[in-house]
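Visitor: For reference, the structure I am asking about is given below.
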Amino acid sequence: MLVPEFVPQIFCSLYLPAIYTGFIVGFVGLVGIAINKSDIHVLILTDIVGLAMLIVVGAVGTDLAEALILPGLVVELAEILAISEILISREMRKKGKSSSLLPTPYVFDMEVMTTAPNFLSLLLIGYGIFLTGFTGGVVAGGGILLYVLSRKAKGLPIVLIDGIGAISGIAWCLWIVGFLLFFITPDLWLLSLFLAACGLLLKVASKMGLIGTLMREEFKRE
Amino acid sequence: MGLGEFWNKLANPDRIPRIFALILGLFLVVGLLVPFSLNDDQIYPRPAPQEQMLDGDRIAPYDRGGEILQKPGITVAQYPCFSEKIGMINSYMSPIAYNIKENSPYFGTSIYSSPGGLIDEILYYTRGFDTILESTILMMSFVIASWLALNFTMNRKEEDD
Amino acid sequence: MDLGSLGGDLMGIVPLGDIVLYLTPLHLFMFIAVLTFTFLIAISRTETQVEASFGDLKDNELKVGLAEFKARRFLAIICGIATAGAMITGDLFNFILFVALTGVVNVGIVSAVKQIDVLDAAFQYGLIAMMASLPLFGGGAIILAATGTLSFFELAKFTSNSMVLFGSTLLLIGVAGETGIAPFFATKAEMFRTPGSPFILIIHLSSLFMIIRAIEILLVIIT
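Written as structure tokens, this is what we have:
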């Protein structure tokens, strides 16, 4: 059976236990937030609430539900990213102390950094381009990061491009154009498919570069 | 506790998330009393778990039928007029992905992703606007977090005020 | 309830795959109103707050720096566009994502301030926004499970039951938290205490429009 006409019985019978699990998990997380006093703990506890949301969405058990989980996960991730930065900013202003991205200095004391990092990063970038899409972007971006870190480990100069975040933005636009093309002229679906896939690759890969820019102070630190 | 005292408590931003959490948590408990049942007439249904695997399907659990560039896959979309075009994407696989599928019985469960052919892509397109919004949300929080990091939290030593 | 009975006659639809935007006189008016306000914000400059200092005759001017001004303007425009999009969307999940987007951007607009109180309020609001994703997405998923669709055209035909009612109430709690209406207004009210009008105002405007649209959507689903 490729695609059933109705939702299979197993999903219907599992819906009730699944959604109750979601409610109970959500309740535990929310009560934890309600009685906790520390801001950072509350921030971490909101992740449990997000988990409950994923269970409730996933309980529906269709392909659509699978697609809806991704936005839910991303929204949760995005908000924690922005809000934790605000918390850091607030605490730094309150205490007048500064902090850095990583609590301990970077140690590049790994064999992989000196043996064949160039080959490995080339392999990662090549494999990433073959994959395209989200996964490909992450793999290719990992290759770029490995290359940069290995140069740092070997004491070679690193060229830091401040505008690398902009590439991410432009690739994002390419991706959106791919989507819009599909909506307007569905006949060009193959072209828009590839526009979107390649835009996504560039976007995610260059976002890794942005992380590199954010860590530029770490590069200087001994 | 009088009503005025309660309103005063509500005016303190530190308490608001806690109050919100409490109200929401209590409401979820109420949810345990509501009768829930899944309507089986859903859009984009999927086969039962393991069904395609046990059949020995090479791209299980994401086989939705169709032939590459020839026949559309089966898609129960919200607006049936789009089903055919969506099905074409559903059945598409890149040449590399096709070769892997021919040579390996585990393509569907491995992490070789490919443009088209797997479930993510078809829903990216049919619900593409959601995906645009979702990535916009991520982009905006990246903008907020990296802007704060670059301007305040990381370069604070150089800040002159 | 029929879609036309609240917003007026259906003027047209904008199909984007499975997500269909639709236009009625009410939605078109709200859409244009939000876009006009966003445009006015985009071309305006920020105010300068003047604080009188105690004990002498000096004034203390609170200005917004150029970098901060640009970041805020950008986020305010995105917030305006997201609000405008939510006015005409015809898909429940799409609307939820628009609400979540305005929530994130609202936090972002005030995130660059230097006052600790305002940063604290922004953080607390952010916590609510994160928790609100459970009722927002969960409510949407429960309505999907009960009716098997997310499109307002289909939802309008569906007769309500207790599960839909529960999902809708959950959705309402989520929207109330995310837009910061009473009784959760204190965090948002606190966020306004920073220089940077009119960008700050879009936070307020977006919540107003979002809550109107949310109530309309809930009426369409329930009745």
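Residue numbers (this note's numbering), protein chains in the order written: chain A, 530 to 751; chain B, -15 to 145; chain C, 8 to 230. Ideal Cβ positions, reconstructed from N, Cα and C, are used throughout, including at glycine. On a predicted model such as this, the values are computed, not experimentally measured, just so you know.
(1) Here's the rule I'm using: 16 or more other beta-carbon atoms within 10 Å means buried, otherwise exposed. How should GLU185 (chain C) be labelled?
(2) Kindly indicate which residue of A:ILE564, A:VAL571, A:ILE562, A:GLY590 has the alpha-carbon position closest to the one of ALA148 (chain C).
(3) Excluding the five sequence neighbours on either side, which residues of its own chain have a C-beta within less than 7 Å of the C-beta of ILE238 (chain C), listed in chain order?
(4) Spell out whether any CB of chain A is found under 9 Å from the CB atom of SER67 (chain B).
(5) Of all the CB atoms in chain C, is at least one closer than 9 Å to the CB of PHE723 (chain A)?
(6) Do you know offhand how far THR115 (chain B)'s Cα is from LEU606 (chain A)'s?
(7) Is any heavy atom in the ligand MG found nearer than 8 Å to the beta carbon of PHE160 (chain C)?
(8) Would you kindly check if the distance between the Cβ of PHE199 (chain C) and the Cβ of ILE48 (chain C) is under 9 Å?
(9) Can you tell me where the alpha helix (DSSP H) with TYR29 (chain C) in it begins and where it stops?
(10) Which residues in the same chain have their Cβ closer than 7 Å to the Cβ of LEU583 (chain A), if we skip the five residues on either side of it in sequence?
(11) Which bits of chain A does LEU23 (chain C) rub up against, with CB to CB less than 7 Å?
(12) So within the segment 29 to 103 of chain C, which uninterrupted alpha helix (DSSP H) runs reach at least 4 residues, ignoring any that extend past its ends?
(13) Taking the alpha helix (DSSP H) that GLY(-12) (chain B) belongs to, which residues open and close that run?
(14) What is the rounded straight-line gap between the Cα of LYS683 (chain A) and the Cα of GLY670 (chain A)?
(15) Is there a C-beta anywhere in chain A that falls below 9 Å from the one on PRO33 (chain B)?
(16) In angstroms with no decimal places, state the Cα-to-Cα distance between VAL536 (chain A) and ILE88 (chain C).
(17) Which residues does DSSP pair with PRO22 (chain C) in a beta bridge?
(18) Taking the alpha helix (DSSP H) that ASN74 (chain B) falls in, what are its first and last residues?
(19) Can you list the residues of chain A that LEU66 (chain C) reaches, using a CB-CB cut of under 9 Å?
(20) Quick one: what's GLU51 (chain B) bridged to in DSSP?
(21) DSSP three-state call for GLY558 (chain A): helix, strand or coil?
(22) Does MET72 (chain B) have its Cβ less than 9 Å from a Cβ in chain A?
(23) Could you list which residues in chain B have their beta carbon closer than 8 Å to that of LYS190 (chain C), in chain order?
(24) How should SER735 (chain A) be labelled, buried or exposed, when 16 other C-beta atoms within 10 angstroms of its C-beta is the threshold for buried?
(25) Which residues of chain C have a Cβ atom closer than 8 Å to the Cβ of LYS623 (chain A), listed in chain order?
(26) Ignore the nearest five residues each way along the sequence and tell me which others in GLY101 (chain B)'s own chain have a CB closer than 6 Å to its CB.
(27) Name, going along the chain, the residues of the segment 589 to 615 of chain A whose beta-carbon falls closer than 8 Å to a beta-carbon of chain C.
Guide: For this structure:
(1) buried
(2) A:GLY590
(3) This structure cannot settle anything about residue 238 (chain C), because the visible part of chain C is limited to 8 through 230.
(4) no
(5) no
(6) 15 Å
(7) The ligand MG is not part of the structure shown, which contains no ligands of any sort.
(8) no
(9) Per DSSP, TYR29 (chain C) belongs to no alpha helix (DSSP H); it is in the beta strand (DSSP E), 26 to 30.
(10) ILE598, GLY601, LEU602
(11) PHE712
(12) 32 to 50, 73 to 95
(13) -13 to -6
(14) 20 Å
(15) yes
(16) 37 Å
(17) C:VAL27
(18) 67 to 75
(19) Note on residue identity: the sequence assigns Asp, not Leu, to residue 66 (chain C). Ordered by position in chain A, no residue passes the 9 Å Cβ test against ASP66 (chain C), which lies about 23 Å from the chain.
(20) B:LYS55
(21) helix
(22) yes
(23) The amino acid at residue 190 (chain C) is misidentified as Lys; the sequence shows Pro. Near PRO190 (chain C) (Cβ distances below 8 Å), the residues of chain B are LEU(-6), ILE3.
(24) buried
(25) ILE123
(26) The pLDDT assigned to GLY101 (chain B) is 42, lower than 50, so where the model puts this residue is not dependable, and the model offers no usable value.
(27) VAL589, LEU593, ALA594, LEU597, PRO600, GLY601, VAL604, GLU605, ALA607, GLU608, ILE609, ALA611, ILE612, GLU614, ILE615
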